[in-house]
Amino acid sequence: FYVKGNQAKDAAGFVGSNMVMRTHTSPVQARSLLQRGVPLYVACPGRVFRTDELDATHTPVFHQCEAIAVDKHLTMADLKGVLDKLAVAMFGEGAKTRLRPSYFPFTEPSAEMDLWFPDKKGGPGWIEWGGCGMVNPNVLKSAGIDPDVYSGFAFGVGMERTLLLRHDINDMHDLVEGDVRFSEQ
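Plus 2 on top of the position in the sequence shown (first one is 1) and you've got our numbering.
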């Protein structure tokens with residue numbers, strides 16, 4: 003789904019002259035802020051489309067789940083605590099997260115989220131799991147929310163990558179190719 007006549011790897015998935023296939027589920031967060039107000043705690047799952055290179059841990063179509071929390075006095079420490087609790091709930095005791103500085107337009111500060119995976123094949127190690135950050139004050143303002151009173155955090159993970167890690171699967175494509183031998187395991 004490249005722009006017609008343009009084979010650039012970073013081209014968006016245009017399906018019409020002014021329509022792009024969804025590249026993330028963040029618009030659900032914005033809609034939720036506008037419709038529900040604060041405090042807000044919501045998860046936003048959905049299918050997304052990217053121009054990612056095809057390999058064992060990337061595919062151009064995958065399922066993403068983003069979450070947003072907006073309330074009084076939320077901090078980066080709250081975000082980190084939620085991520086660590088989610089990691090333990092999904093992967094068991096010993097799982098934890100670390101944050102590396104990054105950039106996302108709707109969060110400030112932003113971070114890439116890595117997962118310490120104690121049961122990884124080949125021994126324990128860090129694996130990229132998703133992105134996160136504090137909701138940009140301009141996002142709150144655009145939803146009519148006072149950023150001097152409210153703050154928030156958001157994060158997103160790929161569901162297929164989460165399944166890979168949770169069930170020790172080597173190749174994401176095994177999840178989507180429909181091979182009966184795999185799905186009957």
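Every residue gets a Cβ at the ideal spot worked out from N, C-alpha and C, and that includes glycine.
Query, Result
"In the structure shown, what three-state DSSP assignment does residue 184 receive?", "helix"
"What does a CB cutoff of less than 8 Å around residue 201 pick up in its chain, not counting 5 residues either side in sequence?", "There is simply no residue 201 to check, as the chain begins at 3 and stops at 187 in what is shown."
"Going by beta carbon distance, what residues of the same chain come within less than 7 Å of residue 119, once the five residues before and after it are set aside?", "93, 97, 126, 127, 129 and 167"
"Taking the beta strand (DSSP E) that residue 103 falls in, what are its first and last residues?", "98 to 106"
"Once you ignore the five residues that flank residue 112 on each side, which residues in its own chain have a CB closer than 6 Å to its CB?", "104, 105, 106 and 135"
"Could you check what DSSP says for residue 176 in three-state terms: helix, strand or coil?", "helix"
"Any chance you could list the beta strand (DSSP E) runs of at least 3 consecutive residues sitting entirely within the region 17 to 101, in chain order?", "42 to 51 and 63 to 74"
"Can you tell me which residues form a DSSP beta bridge with residue 109?", "106 and 137"
"On a Cα-Cα basis, can you pick out the residue from 31, 74 and 61 that is closest to residue 173?", "61"
"Per DSSP, which residues does residue 156 bridge with? Please list them.", "70 and 135"
"Keeping to the same chain, check which residues put their C-beta closer than 7 Å to that of residue 102; ignore five residues upstream and five downstream.", "113, 114 and 116"
"Keeping to the same chain, check which residues put their C-beta closer than 6 Å to that of residue 27; ignore five residues upstream and five downstream.", "46, 48, 66 and 68"
"Taking the Cβ atom as the reference point for each residue, do residue 108 and residue 132 lie within a distance shorter than 8 Å?", "no"
"Can you name, in chain order, every residue of its own chain whose Cβ lies under 8 Å from the Cβ of residue 100, other than the five neighbours on each side?", "115, 116, 118 and 128"
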